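Engineer: Residue numbers (this note's numbering): 132 to 490. Glycine included, each C-beta is placed from N, C-alpha and C at the ideal position. Everything numeric in this text was worked out from a predicted model, so none of it was measured.
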């Protein structure tokens with residue numbers, strides 16, 4: 132009986148020691164996790180509670196990383212990475228405004244994000260609109276005509292400034308690297324904005340529109356982003372009706388699949404490289420002989436890059452082509468932009484002849 136009691140006492144003592152050790156480990160582990168979490172988030176558990184007002188200026192077109200660095204430099208956050216993560220998770224990373232903001236060191240990340248989204252000062256700005264399908268050269272001309280930036284400075288910035296977006300890093304080297312990526316939209320910019328400011332704003336908009344789903348879809352198709360935008364730019368220049376964008380996209384894919392030349396007139400117009408021909412819609416047979424890597428009458432496959440800056444509808448069509456057997460299409464109504472689609476050359480020629488008789 133004595134041995135049994137002694138054994139029970141020992142068991143209780145061992146369990147008690149284990150419990151105490153577990154509580155000690157839990158305390159110190161929790162303390163470590165608490166302090167580590169604060170370090171990761173850039174907070175200090177020993178803050179003295181002093182709140183200071185801070186005025187910051189967010190430049191136009193600034194990325195979430197640039198904004199986070201500005202906040203960090205002004206002691207408003209402790210971690211650039213943490214701010215970028217929560218901004219991305221909240222869907223706020225593309226919503227931040229530019230301008231001057233009054234913040235304070237007592238604000239948490241959510242309060243800072245709310246202020247940056249709602250309280251941007253857009254005084255002394257000018258608005259401009261870039262239509263879908265404009266080339267960079269057309270954009271430069273339009274911006275100068277509206278007194279926003281000098282066209283030569285704009286082209287210089289396009290060719291020489293490194294804007295650092297991931298979609299740019301994968302673009303093959305060519306004469307105008309950013310063709311296709313200055314997203315068409317309506318913008319507000321500072322009246323004293325530089326060419327680089329304007330370009331950065333338009334690239335930021337492309338970055339917002341070309342979401343993660345589109346990158347994934349491009350990989351599924353076995354295409355690079357640049358190839359997708361090249362297809363989208365052709366669609367943008369060939370199609371006026373939204374209902375036909377995915378259909379024309381399907382024609383492009385069908386031709387690529389059988390190594391058939393695309394023979395898109397829009398690529399020849401771009402290959403002519405004559406500013407006066409930007410809006411040209413009638414081609415001569417001699418034009419089709421223009422020796423250029425953009426001329427899809429002369430060379431198989433896609434041209435070496437986009438021929439214009441497409442809108443999102445054309446980008447979606449390039450990513451989600453309609454499945455069909457069409458290989459040909461011809462314009463049959465100049466007023467509406469309607470096309471007739473065919474699976475055979477005979478059918479295509481018949482449609483062309485009918486169109487010539489009617490017009």
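#1: Would residue 320 and residue 362 qualify as a contact pair, given that the criterion is a beta-carbon distance under 8 Å?
#2: Can you tell me where the alpha helix (DSSP H) holding residue 381 begins and where it ends?
#3: Of the choices 192, 219, 482 and 213, whose alpha-carbon is the least far from that of residue 343?
#4: Out of curiosity, what's the CA-to-CA distance linking residue 102 and residue 460?
#5: I'd like to check one pair, residue 365 with residue 395: are the Cβ atoms closer than 8 Å?
#6: Among 427, 329 and 432, which one has its Cα closest to the Cα of residue 400?
#7: Can at least three beta-carbon pairs, one atom from the segment 417-431 and one from the segment 328-348, be found at a separation below 8 Å?
#8: Which residue wins for smallest C-alpha separation from residue 260, given the options 247, 274, 248 and 250?
#9: Pop quiz: residue 452 and residue 367 are said to be a contact at Cβ under 8 Å. What is the actual Cβ separation, rounded to whole angstroms?
#10: With DSSP as the reference, identify every bridge partner of residue 319, one or two as the case may be.
#11: Decide yes or no for the touch test of the segment 300-314 against the segment 219-238: beta carbon pairs closer than 8 Å, at least 3 of them.
#12: What are the residues that DSSP puts in a beta bridge with residue 186?
#13: Please state the DSSP three-state secondary structure of residue 219.
#14: Residue 338: buried (16+ other C-beta within 10 angstroms of its C-beta) or exposed?
#15: Excluding five sequence neighbours on each side, which residues of the same chain lie with their C-beta closer than 6 Å to the C-beta of residue 195?
#16: Determine the DSSP secondary structure at residue 294, reduced to helix, strand or coil.
#17: Would you give the residue range spanned by the alpha helix (DSSP H) that residue 426 belongs to?
#18: Could you have a look at residue 470 and say whether DSSP puts it in helix, strand or coil?
#19: Would you identify the three-state DSSP class for residue 224, choosing helix, strand or coil?
Structural biologist: Let's see:
#1: Cβ atoms of residue 320 and residue 362: not closer than 8 Å.
#2: Looking at the DSSP string, the run of the alpha helix (DSSP H) that includes residue 381 is 373-388.
#3: Ranking 192, 219, 482 and 213 by Cα distance to residue 343 puts 219 first.
#4: For the chain, the structure presents residues 132 to 490; residue 102 sits outside this window and is missing.
#5: Yes, these two residues count as a Cβ contact at 8 Å.
#6: Minimum Cα distance to residue 400 is reached at 427.
#7: No, the segment 417-431 does not touch the segment 328-348.
#8: Comparing alpha carbon positions, the residue from 247, 274, 248 and 250 closest to residue 260 is 274.
#9: Contact between residue 452 and residue 367 is ruled out by a C-beta separation of about 14 Å, above the 8 Å threshold.
#10: Looking at the DSSP output, residue 319 shares a beta bridge with 258.
#11: The segment 300-314 is not in contact with the segment 219-238.
#12: DSSP, once it has assigned bridges, lists 233 as partnering residue 186.
#13: In the three-state reduction of the DSSP assignment, residue 219 falls in the helix class.
#14: Counting C-beta atoms within 10 angstroms of its own C-beta, residue 338 has 16 or more neighbours from the protein chains shown and is therefore classed as buried.
#15: For residue 195, where only same-chain residues beyond five positions count, the Cβ hits under 6 Å are 215, 218 and 224.
#16: Assigned with DSSP and collapsed to three states, residue 294 falls in coil, not helix or strand.
#17: Residue 426 -> no alpha helix (DSSP H), and no H or E assigned at all.
#18: Residue 470: strand per DSSP, three-state reduction.
#19: Residue state, collapsed to three classes: coil.
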